[in-house]
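A.B. asks:
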Amino acid sequence: MIRSKSFQSRLADGIIWAVVLLMTAACLFPMLNMIAISFSDKSAAAGNMVGLIPVQFNLDSYRMLIEDHQFWRSFLISVLRVVLGTALNLILVVLMAYPLSKSSREFRGRNFYMNFLIFMMLFSGGMVPLFMVVNKLHLIDTIWSLVLPGAVPVFNVILLMNFFKSVPASLEEAARIDGCSKLGILFRIFLPISLPSLATIALFSIVGHWNDYFSGLIYMNKAANYPLQTYIQQLNVDITKVTDASQLQNLAAVSNKTLNAAKIVVSTIPLLVIYPFLQKYFVTGMVIGSVKE
Amino acid sequence: MKKKRMAGQAGYHAMLMPGMIFLIIFNVVPMFGILMAFEDYLPAKGIFHSAWVGLENFKYMLEIPDSMIILRNTLIIAIGKIVLGTIVPICFALLLNEIRNKLMKKGIQTVVYLPHFLSWAVLAAIVVNIFDYNGPINSLIQSMGHDPILFLGSNTWFRKILIGTDVWKEFGYGSIVYLAALTGIDPGLHEAAAIDGANRFQRLRHITLPGIMPIIMLMVAMNLGNILNAGFDQVFNLYNPIVYETGDIIDTYVYRVGLLGQQYSFATAIGLLKSIVGCTLLLSANGFAKKFANMQIF
């Protein structure tokens, strides 16, 4: 690479750095501000005096949070939901992606199923009829209402199917000659070599289940059964219900800002824990998902 | 031989069975609910015994002023997000690509991808805090000698906040595809152009941009399919009755009318219309991408 260090080039470099760092700071500041508020004194937070550094550092809000039973109940519901939901998603995705990765000559029903799946992905009956079905099945107020309606993530089936297609046919042929069954081929040949793709899909599921507040909101009648994101969303409800401007002006003064900030910080910790994996696999997932020649 | 092949087919069908059962229960059965759009649905009578009204619900939709408002809001917000949500990630990717310090680059990427992974339930709280009447942005405005603005209660600002914060959340993650495309450009081209005396800006115009053009076209096509999706989660968590006039979109309206107001038939009719238009757009987008970029979405 030829690097001419002319004045213009240096100026351009300076501008590039400035813009990139400014955009990065814009992403970082709101999060750091939230963390700082959670460690600050109540009145300082209510008076909007907290920037990036906590004012009168203390752990009061976290002490209060530890005793908030509903928060931890919702936290556990979310964890359980992530475990059940991701397991179910993975099993169904794997079982569906394998037959669909065959050509329509090997598996004659393939195109029918494929068109069916694409139709399912594009078109839906809407939230009202789905709510009625969930209601009829008596799933309201159970963990299953959060897990079963989204049991088949169609997009992920297609993602994994495309990966399975790239597995050399000779591998499967060899296994079949050695007397391996279809399930055997799937679990002993296909799964071990598609671990990165599976990790991507598992992470999609984990993040999707953890972040979903809406099914908790419509399928849970009792607030005690809310998953964590619905619980957090309910903290915001004050804002979405205000009807005149003066209420909106005094939001900070009436809500318990430091405690809410602590709740938000703790609710994102599980995501931060898996974030290194997310970064590794989501990037590949995004690229294989969107670019298909 | 034939028998064995049949057995193989049965095995494939069996593998698809569990997933198909779930799809039939939770995706196909609710589609019968679409019938409600053509009925005066009463929960007591059920879907198959409620009075049939034909296109009455759709006619009603054309008559009420709400329809125009929510359609206008949806289109303005969605188009704003598509335009800025395409331009900003491309610019960011191009800028980041110029940074040679590997460690800094990695650190910056770590930070800017993060908001994508947080839900709007969490981000709404963060956005409300930042744009609060007494919050950091208003402190900045006041220090410059202006009056504070009630951003989330202002019909002039609300849509701008929606578009801006959505771009803020997604620009980092959205830049990933463009960064990947940028690494695919042959460095030899840049070297040759530099030897011929092309400056950075000329190389950007004549090598880099043409190099990532197919991906840009694909992403634009994909986004156009979402022109009726203005982002339910974001609006739902940030709006309030003061800004319904500028912030209420089709999805939030369907939610309020259908699930809260229990006008099931009317809500289903709106949802159906939106679904049909959205589906058509997405299919044309796929066709477009296939034709012009030789790629397809599904």
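Chains G and R supply the protein sequences, listed in that same order.
Oh and the first sequence: position 87 is 1285 in our numbering, straight run, nothing missing.
Oh and the second sequence: position 220 is 1466 in our numbering, straight run, nothing missing.
Virtual Cβ for every residue (Gly too), placed ideally from N, Cα, C.
None of the values given here were measured: they were computed from a predicted structure.
(1) Can you list, in chain order, the stretches of the alpha helix (DSSP H) that have 4 or more residues and sit fully within the segment 1410 to 1472 of chain R?
(2) Measuring straight from C-alpha to C-alpha, what distance separates Ala1210 of chain G and Val1218 of chain G?
(3) Could you check how far apart the C-beta atoms of Ala1513 of chain R and Val1503 of chain R are, in whole angstroms? I think they sit under 8 Å.
(4) Please return the same chain residues whose Cβ sits closer than 8 Å to the Cβ of Arg1208 of chain G, not counting the five positions on each side in sequence.
(5) Taking 8 Å as the threshold, find out whether the segment 1332 to 1341 of chain G comes into contact with the segment 1310 to 1320 of chain G through three or more Cβ pairs.
(6) According to DSSP, Ala1297 of chain R sits in a beta bridge with which residue or residues?
(7) Which of the three DSSP states is assigned to Thr1402 of chain R in this structure?
(8) Of the residues G:Ser1236, G:Leu1384, G:Met1232, which one's Cα is nearest the Cα of Leu1457 of chain G?
(9) Would DSSP call Gly1324 of chain G helix, strand or coil?
(10) Going by DSSP, what residue range makes up the alpha helix (DSSP H) through Lys1363 of chain G?
(11) Does the segment 1420 to 1435 of chain G come close enough to the segment 1382 to 1389 of chain G to have 3 or more Cβ pairs within less than 8 Å?
(12) Which of the three DSSP states is assigned to Leu1378 of chain G in this structure?
(13) Identify whether Tyr1411 of chain G lies in helix, strand or coil by the three-state DSSP scheme.
(14) DSSP on Pro1252 of chain G, reduced to helix/strand/coil?
(15) Measure how close the beta-carbons of Ala1459 of chain G and Ser1259 of chain G come, nearest whole angstrom, since I'm counting them as under 8 Å.
(16) Taking the Cβ atom as the reference point for each residue, do Thr1320 of chain R and Leu1474 of chain R lie within a distance shorter than 9 Å?
(17) So, with DSSP's three-state summary, where would you put Thr1398 of chain G?
(18) Using the C-alpha atoms, what's the distance from Asn1273 of chain R back to Leu1328 of chain G?
(19) Between Gln1480 of chain R and chain G, is the shortest Cβ-Cβ distance under 9 Å, so that the two count as touching?
(20) Under 7 Å between beta-carbons, which chain G residues line up against Glu1344 of chain R? List them in chain order, please.
(21) Would you mind telling me which residues of chain R sit closer than 8 Å to Thr1462 of chain G, beta carbon to beta carbon, in chain order?
(22) Got a sec: is the Cβ-Cβ distance from Met1418 of chain G to anything in chain R below 9 Å?
(23) Suppose you measure from the CA of Gln1206 of chain G to the CA of Gly1381 of chain R; what does that come to, to the nearest Å?
(24) Counting contacts by CB-CB distance shorter than 9 Å, is Ala1285 of chain G in contact with chain R?
(25) Ignoring anything shorter than 4 residues, give me the alpha helix (DSSP H) runs that lie fully in the segment 1295 to 1368 of chain R, in order along the chain.
(26) Determine the chain R residues that contact Gln1268 of chain G at a beta-carbon separation under 7 Å, and present them in chain order.
(27) Short of 8 Å in beta carbon distance, which residues of its chain neighbour Gln1427 of chain G, apart from the five on each side in sequence? Order them along the chain.
(28) Just to make sure I have the definition right: I need the residues of chain G whose C-beta is within less than 7 Å of the C-beta of Thr1356 of chain R. Which are they?
(29) How about the segment 1365 to 1382 of chain R and the segment 1449 to 1469 of chain R: do they share at least three Cβ pairs that are nearer than 8 Å?
(30) Quick check: what's the CA-CA separation for Val1374 of chain R versus Met1294 of chain G?
(31) If you measure from the beta carbon of Ala1324 of chain R to each beta carbon in chain G, is any gap under 9 Å?
(32) With 7 Å as the C-beta to C-beta threshold (strictly closer), list the residues of the segment 1379 to 1393 of chain G near chain R in chain order.
(33) Which same chain residues, not among the five before or five after Ser1444 of chain G, have their C-beta less than 8 Å away from its C-beta?
(34) Ends of the alpha helix (DSSP H) at Tyr1490 of chain R?
(35) Spell out whether any CB of chain R is found under 9 Å from the CB atom of Asn1423 of chain G.
(36) Closest to Ile1545 of chain R by CA distance: which of R:Thr1498, R:Gly1471, R:Pro1487 is it?
C.D. replies: Reading it off the structure:
(1) As far as the segment 1410 to 1472 of chain R is concerned, its whole alpha helix (DSSP H) runs of at least 4 residues are 1433 to 1441, 1446 to 1449, 1455 to 1470.
(2) Their Cα atoms are separated by approximately 12 Å.
(3) The beta carbons of Ala1513 of chain R and Val1503 of chain R sit about 5 Å from each other, so the pair counts as a contact at 8 Å.
(4) Cβ within range, chain order: n/a, list empty.
(5) Result no; under three Cβ-Cβ pairs closer than 8 Å.
(6) Bridge partners of Ala1297 of chain R according to DSSP: R:Asp1286.
(7) The three-state secondary structure of Thr1402 of chain R, taken from DSSP, is coil.
(8) Closest by alpha carbon: G:Ser1236.
(9) The answer is coil: DSSP assigns Gly1324 of chain G none of H, G, I, E or B.
(10) Per DSSP, Lys1363 of chain G belongs to the alpha helix (DSSP H) from 1352 to 1363.
(11) No, the segment 1420 to 1435 of chain G does not touch the segment 1382 to 1389 of chain G.
(12) Note on residue identity: the sequence assigns Cys, not Leu, to residue 1378 of chain G. In the three-state scheme derived from DSSP, where H, G and I count as helix and E and B as strand, Cys1378 of chain G is classed as coil.
(13) Correct three-state label for Tyr1411 of chain G: coil.
(14) Pro1252 of chain G: coil per DSSP, three-state reduction.
(15) Contact holds; Cβ gap of about 7 Å.
(16) Result yes, Cβ atoms of Thr1320 of chain R and Leu1474 of chain R sit closer than 9 Å.
(17) It is helical.
(18) About 8 Å.
(19) False, the Cβ-Cβ gap to chain G never drops below 9 Å.
(20) Result: Ile1214.
(21) For the record, residue 1462 of chain G in the displayed sequence is Ile; it is not Thr. Residues of chain R whose Cβ lies closer than 8 Å to the Cβ of Ile1462 of chain G are, in chain order, Val1368, Ala1371, Ile1372.
(22) So no, Met1418 of chain G is outside the interface.
(23) Using only the alpha carbons, I get a separation of about 39 Å.
(24) No - not a single Cβ of chain R is within 9 Å of the one on Ala1285 of chain G.
(25) Segments of the alpha helix (DSSP H) lying fully in the segment 1295 to 1368 of chain R: 1302 to 1309, 1311 to 1344, 1348 to 1359.
(26) Neighbours of Gln1268 of chain G on chain R: none; closest Cβ ~16 Å, over 7 Å.
(27) Leaving aside the five residues that flank Gln1427 of chain G on each side, the residues in its chain whose CB is nearer than 8 Å to its CB run, in chain order, Ser1276, Trp1408, Asn1409, Asp1410, Tyr1411, Gly1414, Ser1465.
(28) Neighbours of Thr1356 of chain R on chain G, chain order: Gln1477.
(29) Judged by Cβ distances under 8 Å, the segment 1365 to 1382 of chain R makes no contact with the segment 1449 to 1469 of chain R, as fewer than three pairs qualify.
(30) Looking at the two C-alpha atoms, the distance is approximately 42 Å.
(31) No, Ala1324 of chain R does not count as interfacial toward chain G.
(32) Residues passing the 7 Å Cβ filter: Lys1380.
(33) Around Ser1444 of chain G: no qualifying Cβ.
(34) Taken as a continuous stretch (DSSP letters only), the alpha helix (DSSP H) holding Tyr1490 of chain R covers 1490 to 1493.
(35) Judged by the 9 Å Cβ criterion, Asn1423 of chain G is not in contact with chain R.
(36) Examination of residue 1545 of chain R is not possible in this model, given that chain R is present from 1247 through 1544 alone.
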